[in-house]
Amino acid sequence: MTPELLMLALSVVLGLVHIIVSAIATTHQYGSKWNVSARDAPMPPLEAIAGRLQRALHNFLETFPFFAVAVLIADATNRHGWMAVWGSQIYFYARVLYLPIYAAGIPVVRTVVWSVAALGIVMVLLDLV
378 MTPELLMLAL SVVLGLVHII VSAIATTHQY GSKWNVSARD APMPPLEAIA
428 GRLQRALHNF LETFPFFAVA VLIADATNRH GWMAVWGSQI YFYARVLYLP
478 IYAAGIPVVR TVVWSVAALG IVMVLLDLV
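In our numbering, the protein residues as written are 378 to 506.
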């Protein structure tokens, strides 16, 4: 397995972590009865950490497809230069940092870390040209 595909696989695991921690925090706020229900009734907005975890999950789901496609194109075209390797690692590790930073509510650092992760995607793409 190439380093880029390893980072992709680990990013899938990270996505599952996002889903699980967001679901736990949401269930903690709304209750287990809500969790097992059809969820038809409108609920108040999520507060504090639960809201941040949900937003972090949505943010991950917005960037992950671009990362996945870039890595898969690099793999399919056998482009495994240093930029693709480093870019995939930068994306993954920045996204790992992003989750606790967002959950803690650290605004400026969160944006910087998001930008670093986006740079990782761009690096993978630049290796394709």
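For every residue, glycine included, the Cβ atom is placed at its ideal position computed from N, Cα and C.
Distance, A480 Cα to M378 Cα: A480 has its alpha-carbon roughly 32 angstroms from the corresponding atom of M378.
Mapping DSSP to helix, strand and coil, what is P484? helix
L393 by DSSP, collapsed to three states: which one? helix
Mind checking which residues open and close the alpha helix (DSSP H) that includes L434? 425-453
Exposure of G408, with buried meaning 16 or more beta-carbon neighbours within 10 Å: exposed
Taking only the alpha-carbon atoms, compute the straight-line gap between F321 and I498 and give it to the nearest angstrom. A question about residue 321 goes unanswered here, because the residues of the chain that appear run from 378 up to 506.
7 angstroms Cβ cutoff met for S399 and Q431: yes
Contact between the region 454-468 and the region 415-423 is defined here as three or more beta-carbon pairs at a separation below 8 angstroms; is this criterion met? no
Whose CA, out of D417, P380, G464, V394, lies closest to the CA of V473? V394
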